[in-house]
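> Here it is: the structure, laid out below.
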Amino acid sequence: MGWFSSDIDTFEELFIHTLQDIYYAEHQIKKAMPDMIEKASDAELKKGFRMHLKQTDGQIKRLDRVFKLMKSVPQGTKCPAIDGIIEEANEIAGEIENKTILNAALIAAAQAVEHYEITRYGTLVAWARLIGRADVAKILNMTLKEEKATDKKLGGIAKRKINKKAAATKLKKPTKAEQAENAMLVAAAGIPAI
Ligand SMILES: [Fe+2]
Ligand SMILES: [Fe+2]
1 MGWFSSDIDT FEELFIHTLQ DIYYAEHQIK KAMPDMIEKA SDAELKKGFR MHLKQTDGQI
61 KRLDRVFKLM KSVPQGTKCP AIDGIIEEAN EIAGEIENKT ILNAALIAAA QAVEHYEITR
121 YGTLVAWARL IGRADVAKIL NMTLKEEKAT DKKLGGIAKR KINKKAAATK LKKPTKAEQA
181 ENAMLVAAAG IPAI
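If you read the sequence shown in the UniProt record's numbering, its first letter stands for residue 1, the second for the next number, and so on.
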């Protein structure tokens, strides 16, 4: 429950609450994406992220329209799930130096975001139909299709090249000092003769 939300008593209120949840999520995604675009070093991935950022703007506009159709004020409610997904993505990206590995991590994080959106929009489309709002369901379904297409596209790039390149990445050759240190550690951890 968000700070500014009232209690949920009806199915329609639950629908509006979920709408506010994805509204908040889309705004957080919009804020997080420029950083992902900057970090991606594969041209196709960068382009894909850029395109989805544009789509995200359109998706927010669609949500504004849906709020209006529902005679509700467009507003977000804090969604800890998307905050967690984005926080985890930032944390892992901060730990990766290798650009090829980073691309694989970025795709994995972006797909986690897409899957979250797919589950939310999937629910909203089904619920909109149940409350007799086929008009709203139709609009939300357009976004659902975009999220699914994005997930598929990212999965395709990952499978076709990014993951293969990441898997082929070899560890950096240790320096002489590191080799000496490793040798000392191995000797120190040597199994004593029985
Ligand atoms: Fe989205
Ligand atoms: Fe998305």
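Think of the CB as a built atom: it goes at the ideal place given N, C-alpha and C, for glycine as much as any other residue.
#1: Where does N163 fall in DSSP's three states?
#2: Enumerate in chain order the residues of its own chain whose CB-to-CB distance from M1 is below 6 Å, with the five nearest sequence positions on each side excluded.
#3: Note down, one range per segment and in chain order, each alpha helix (DSSP H) of at least 4 residues found wholly within the region 69-141.
#4: How do the region 80-100 and the region 136-149 stand: do at least 3 beta-carbon pairs fall below 8 Å, yes or no?
#5: When DSSP labels each residue in this structure, what does I8 get in the three-state scheme?
#6: Does DSSP put T169 in a helix, a strand or coil?
#7: Distance check for E38 and A126, CA to CA, integer angstroms please.
#8: So what's A187 in DSSP terms, helix, strand or just coil?
#9: Report buried or exposed for M184, applying the criterion of at least 16 other Cβ atoms within 10 angstroms of its Cβ.
#10: Could you tell me if the beta carbon of Q59 falls within a distance shorter than 7 Å of some heavy atom in ligand 1?
#11: Any heavy atom of ligand 2 closer than 7 Å to the Cβ of T175?
#12: Looking at I85 and ligand 1, is the gap between the Cβ and the nearest heavy atom below 7 Å?
#13: If you compare alpha carbons, which of P174, K30, T18 is closest to F67?
This is what the structure gives:
#1: Within the sequence shown, numbered from 1, the residue matching residue 163 stands at position 163. DSSP places N163 in helix when its eight states are reduced to three.
#2: Taking the first residue of the sequence shown as 1, we reach residue 1 at position 1. Note that M1 has pLDDT 47, beneath the 50 cutoff, so the model's placement of it is unreliable and the number below is only indicative. Around M1: no qualifying Cβ.
#3: 80-94, 99-130
#4: no
#5: Position 8 of the sequence shown holds residue 8. Of the three classes helix, strand and coil, the one that applies to I8 here is coil, per DSSP.
#6: Your numbering for residue 169 matches position 169 in the sequence shown. Looking at T169 - three-state DSSP - the assignment turns out to be coil, as it is neither helix nor strand.
#7: What you label residue 126 is simply residue 126 of the sequence shown in a count that begins at 1. What you label residue 38 is simply residue 38 of the sequence shown in a count that begins at 1. Whole-angstrom Cα-Cα distance: 36 Å.
#8: Within the sequence shown, the letter at position 187 stands for residue 187. Of the three classes helix, strand and coil, the one that applies to A187 here is helix, per DSSP.
#9: For this step, residue 184 is matched to residue 184 along the sequence shown. Answer is exposed; the Cβ neighbour count stays below 16.
#10: Taking the sequence shown and counting its residues from 1, the one referred to as residue 59 is at position 59. Correct: Q59 has its Cβ closer than 7 Å to ligand 1.
#11: Counting from 1 along the sequence shown, the entry for residue 175 is found at position 175. Not under cutoff, so the answer is no.
#12: Residue mapping note: residue 85 aligns to position 85 of the sequence shown, counting from 1. I85 Cβ: outside cutoff for every heavy atom of ligand 1.
#13: Taking the sequence shown and counting its residues from 1, the one referred to as residue 67 is at position 67. Looking at the Cα atoms, T18 is the closest of the given residues.
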